[in-house]
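Remarks on the structure that follows.
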Amino acid sequence: MMLDTATQAALTTRSITLAYDGNAIIQGLNLAIPKGQITTLVGPNGCGKSTLLRGLARLLKPRKGTVYLEGDEIARLPTKELAKRLGILPQNPTAPEGLTVRELVAQGRYPHQNWWQQWSQDDELKVEKAIATTYLEEFANRSIDTLSGGQRQRAWIAMALAQDTETLLLDEPTTYLDLAHQIEVLDLLYDLNQQGDRTVLMVLHDLNLAARYSHHLVALKEGAVVTQGQPHTVITETLVHQVFGLESRIIDDPISGTPLCIPVSQGVKRV
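This is how it looks when you write it as structure tokens:
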């Protein structure tokens, strides 16, 4: 998708190449992430979704090309300024042993601290709001080490929320969560987008949840964009076969009206 002006894109890449140990995962990619929308990267394992997210978050330096955050070259932004504008929840984050939920969430406010302005009432309110929003009040004083995988994931999301950035990047935010909590987290991200006009970019493996909660999908395969656009234009039987090598039927989700992908196994006769 080509956007009319730079102001319409939250994040833009210009011919970026991302690699690990000389092995290029993404090559010469041009991409624009719409501002104020929820965009989800989808594709098979190893296609470059997490690598691309890391490049956009400045966690992985491009071998070539440039990443822009609302028109500003991201590599030139001071670290603290970037942290005020861009929040990131990586895959499998780790916290120091013994850290409580409240202490972890409070770390999201550190970019807003400086030598003349230390912890404020506003910081406290944003931490408490993030804890409440992620349903963690009863665990606020518990050590992260004692939480279940799902509770721990919600604590990390709360930290990202406390950072209070306009753009939020999440790599598999529903990891370790049961279905009910997956829906809670995605409902939360949707509400944050709708109420605060936040740009949300995430990686999801579940095509149906991606279609239900996203305004924009980017389908990747072998480090390249196969197609992108609204869910109805991306989630098609042809696309699912092309990207995932899977035969499927696509119907309308009876709840949301978004595309619903039903896999067809080799042992099931298609009618």
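Mapping of the sequence shown onto numbering that gives the first Met the number 0: position 264 corresponds to residue 263, and the numbering continues sequentially without gaps.
Beta carbons are placed, not taken as given, at the ideal position from N, Cα and C, and that holds for glycine.
Taking buried to mean at least 16 other C-beta atoms within 10 Å of its own C-beta, is T93 buried or exposed?
-> Exposed.
Per-residue burial, I250 [other beta carbons within 10 Å of its own, 16 or more giving buried] | Note on I250: under 16 other CB atoms within 10 angstroms of its CB, so exposed under the neighbour-count rule.
In whole angstroms, what separates the C-alpha of L88 from that of D170?
-> One C-alpha to the other measures close to 6 Å.
Which stretch, first to last residue, makes up the alpha helix (DSSP H) that contains I130?
-> Taken as a continuous stretch (DSSP letters only), the alpha helix (DSSP H) holding I130 covers 120 to 132.
Can you tell me whether G212 is buried or exposed, with buried defined as 16 or more other CB within 10 angstroms of its CB?
-> Contrary to the premise, residue 212 reads as Tyr rather than Gly in this sequence. It counts as buried.
Can you say whether T174 is buried or exposed, counting buried as having 16 or more other CB atoms within 10 angstroms of its CB?
-> The residue is buried, with at least 16 neighbouring Cβ atoms inside 10 Å.
How about T16 and Q26: are their beta carbons less than 7 Å apart?
-> Cβ atoms of T16 and Q26: closer than 7 Å.
Are A210 and P172 touching if we call contact CB-CB under 7 Å?
-> Cβ atoms of A210 and P172: not closer than 7 Å.
Have a look at E221, V233, T235, Q120 and flag the residue whose alpha-carbon is nearest the alpha-carbon of G45.
-> When E221, V233, T235, Q120 are compared, the shortest CA-CA separation from G45 is found for E221.
For D163, name the three-state secondary structure that DSSP assigns.
-> D163: coil per DSSP, three-state reduction.
Got a sec, what are the start and stop residues for the beta strand (DSSP E) I24 sits in?
-> Annotation: the continuous beta strand (DSSP E) that includes I24 extends over 22 to 33.
Taking Cβ to Cβ, would you say A105 is nearer than 7 Å to I130?
-> The answer is no: Cβ separation not under 7 Å.
Count the other CB atoms, across all protein chains shown, that sit within 10 Å of the CB of R248; report buried if there are 16 or more and exposed otherwise.
-> Exposed, because fewer than 16 other Cβ atoms sit within 10 Å of the Cβ of R248.
Local conformation of Y212 per DSSP, three classes | Y212 falls in the helix class under three-state DSSP.
Using the rule of at least 16 other Cβ atoms within 10 Å of the residue's Cβ for burial, across every protein chain shown, is P230 buried or exposed?
-> That one is buried.
Proximity to W155 [Cα-Cα], best of Y189, T198, V100 | That would be V100, whose Cα lies nearest to the Cα of W155.
Helix, strand or coil at T257 [DSSP, three-state] = DSSP places T257 in coil when its eight states are reduced to three.
Nearest-angstrom Cβ-Cβ length linking L245 and A218, presumed shorter than 8 Å = The beta-carbon distance between L245 and A218, rounded to whole angstroms, is 13 Å. This is too long to meet the 8 Å contact definition.
Do you know whose CA, among K34, S119, I261, lies nearest G195's CA?
-> In terms of Cα proximity to G195, the closest of K34, S119, I261 is K34.
So, helix, strand or coil for D186, using DSSP?
-> Of the three classes helix, strand and coil, the one that applies to D186 here is helix, per DSSP.
Option nearest A82 by Cα separation, candidates E165, D252, L52, V66 = Ranking the options by Cα distance to A82, first place goes to E165.
Could you work out which residue in L200, N91, A161, R13 is closest to R151 when comparing CA atoms only?
-> Checking every option, the nearest Cα to that of R151 belongs to N91.
Based on the DSSP output, what are the partners of Y19 in its beta bridges?
-> Bridge partners of Y19: N22.
Span of the beta strand (DSSP E) around K63 | Segment 63 to 68, the beta strand (DSSP E) holding K63.
Using CA coordinates, which residue listed in L55, I37, S49, D121 is at the minimum distance from S14?
-> In terms of Cα proximity to S14, the closest of L55, I37, S49, D121 is L55.
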